[in-house]
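What follows is a set of notes on a single structure, which appears directly below.
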Amino acid sequence: MTATSDIVPDSERRGFIGALPPRLRPYASLMRLDRPIGTWLLYWPCAWSVALAGVRGRWELFAWLALGAFAMRSAGCVYNDIVDRDLDKRVERTRLRPLASGRVSLRSAWVLIAALCAIGLIVLLQLNRTAAAVAVASVLLVAAYPYMKRITWWPQAWLGLVFSWGALVGWPAVTGSLHWPALLLWFGSIAWVIGYDTLYAIQDIEDDALVGVKSSARRLGDKAPLGIAVCYALSLLLWGAAIWTVRADWVALLTLVPAALHLANQALRADPRDGELALRLFRSNRTCGLLVFLAMLVVGLTAR
């Protein structure tokens with residue numbers, strides 16, 4: 003019989019994690035170092051906001067906020083696994099996670115969170131007071147997120163609040179204050195997150211039903227593609243409104259066309275019975291985030 007401590011997911015035997023010393027692999031898995039998509043999705047709203055604000059010479063913010071996104075996303079994953087460790091044992095996709103399988107102790111997980119938060123503090127010190135205060139205000143939302151799937155059918159909406167928060171940080175980091183463009187970016191990003199996380203939740207519909215976990219994918223059922231399409235359409239409208247507040251020019255709105263086509267392709271291909279396809283479409287939002295970033299950068303740098 004294989005001991006619990008010997009159980010190692012396949013993802014820890016290859017790639018970056020596989021190249022690490024065996025003792026470090028469970029901690030890298032806790033941080034999802036083999037799945038950088040989460041860091042990208044947390045980072046893009048930060049970058050959009052800085053770009054739409056016109057950067058104003060603060061190009062280093064892109065690097066600092068990327069580091070912050072990495073540290074906070076990693077800490078969030080560890081915290082989520084701490085809260086969900088008993089549930090994870092009952093779900094096929096997550097039963098081999100380090101805490102659920104017993105390969106990492108609870109104490110070690112909290113120490114790892116503290117180290118990652120220290121990195122986040124370094125990033126925080128690079129921001130002005132307004133941006134730093136806004137960033138710190140997200141802590142309560144982050145702490146509550148793992149519990150939402152036990153409370154509401156729409157934990158994806160709460161994730162939207164959290165993963166979009168960078169839109170509220172980037173703008174004041176450049177301008178020193180919070181204005182409507184940042185809020186519109188935030189609202190648009192929330193809709194985007196609900197859409198792409200519904201895609202992500204499709205792969206867990208059966209397991210979630212067995213353990214009683216709620217999700218937008220379960221709530222929408224066969225109508226999930228329509229729900230995703232509505233969320234994506236709303237996100238584009240709100241991003242367009244953010245652009246309009248900075249540069250009231252119909253030509254400026256054309257910068258969103260590539261992102262719109264990308265999101266339309268996702269919505270049209272989504273299938274609530276195909277978890278593998280849903281995961282591929284979910285991951286493609288890294289590219290969508292880049293397309294939106296380029297749109298915001300063009301508009302921000304050309305606005306008068």
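Taken in order, the sequence shown gives residues 3 to 306; the numbers are from this note's numbering.
All residues carry an ideal CB built from backbone N, CA and C; glycine is no exception.
For residue i, does the count of other Cβ atoms within 10 angstroms reach 16, so buried, or fall short, so exposed?
i: G78; result: buried
i: W182; result: exposed
i: P24; result: exposed
i: G277; result: buried
i: Y234; result: buried
i: D224; result: exposed
i: W61; result: exposed
i: L32; result: buried
i: G178; result: exposed
i: Y149; result: exposed
i: L258; result: buried
i: D86; result: buried
i: F27; result: It should be noted that the sequence gives Arg, not Phe, for residue 27. So R27 ends up on the buried side.
i: I153; result: exposed
i: L187; result: buried
i: R34; result: buried
i: V138; result: exposed
i: R95; result: exposed
i: R131; result: exposed
Return the chain-ordered list of same chain residues with a C-beta closer than 8 Å to the C-beta of residue i, the five sequence neighbours on each side being excluded.
i: G162; result: S191, I192, A193, W194, V195, I196, D199
i: L255; result: G242, I245, W246
i: L238; result: G190, L258, A261, A262, L265
Closer than 6 Å by C-beta to residue i: which residues in its own chain qualify, once you throw out the five before and the five after it? Chain order, please.
i: L222; result: G229
i: K151; result: P157, V215, K216
i: L299; result: A53
i: A120; result: none
i: R306; result: none
i: R249; result: V301, A305
i: L69; result: V125
i: N82; result: P148
i: D318; result: With the chain running from 3 to 306 in the structure shown, residue 318 is simply not present.
i: L100; result: The amino acid at residue 100 is misidentified as Leu; the sequence shows Pro. The answer, listed in chain order, is P28, S31, L32, V106.
i: A297; result: T257, L258
i: P47; result: S166, G168, A169, S191
i: A71; result: T41, L44, Y45
When you compare only the Cα positions, how much space is there between residue i and residue j?
i: A159; j: F189; result: 11 Å
i: A269; j: N287; result: 12 Å
i: G122; j: D36; result: 20 Å
i: L129; j: Y45; result: 16 Å
i: L114; j: A73; result: 11 Å
i: L63; j: L127; result: 12 Å
i: I245; j: V301; result: 7 Å
i: R285; j: I39; result: 6 Å
i: F18; j: R105; result: 19 Å
i: A117; j: L279; result: 36 Å
i: D210; j: A145; result: 21 Å
i: R282; j: G20; result: 23 Å
i: V93; j: A65; result: 36 Å
i: V136; j: F295; result: 21 Å
i: V232; j: A30; result: 36 Å
i: I84; j: A111; result: 7 Å
i: V213; j: V253; result: 50 Å
i: A184; j: I207; result: 34 Å
i: L240; j: L22; result: 43 Å
i: A55; j: L303; result: 8 Å
i: R109; j: V57; result: 41 Å
i: V80; j: L67; result: 20 Å
i: L143; j: Y202; result: 20 Å
Going along the chain, which residues of its own chain have a beta-carbon closer than 7 Å to the beta-carbon of residue i, five neighbours each way excluded?
i: C290; result: A261, H264, L265
i: A133; result: V171, P174, A175
i: A2; result: The requested residue 2 is not part of the displayed model; the chain covers only 3 to 306.
i: K91; result: R97, A102
i: L293; result: P260, A261, H264
i: S140; result: V164, W167
i: S7; result: With a pLDDT of 44 at S7, under the threshold of 50, the modelled position of this residue cannot be trusted; read the value that follows with caution. Closer than 7 Å at Cβ, skipping near neighbours: G104, R105.
i: W42; result: R288, G291
Are there any heavy atoms of the ligand COA lying less than 8 Å away from the beta-carbon of residue i, as far as the coordinates show?
i: R37; result: The model depicted lacks the ligand COA and carries no ligand whatsoever.
Original post:
Does the stretch 166-184 come close enough to the stretch 51-70 that 3 or more CB-CB pairs lie under 8 Å?
Top reply: When C-beta atoms of the stretch 51-70 are compared with those of the stretch 166-184, three or more pairs fall below 8 Å, so the two segments count as touching.
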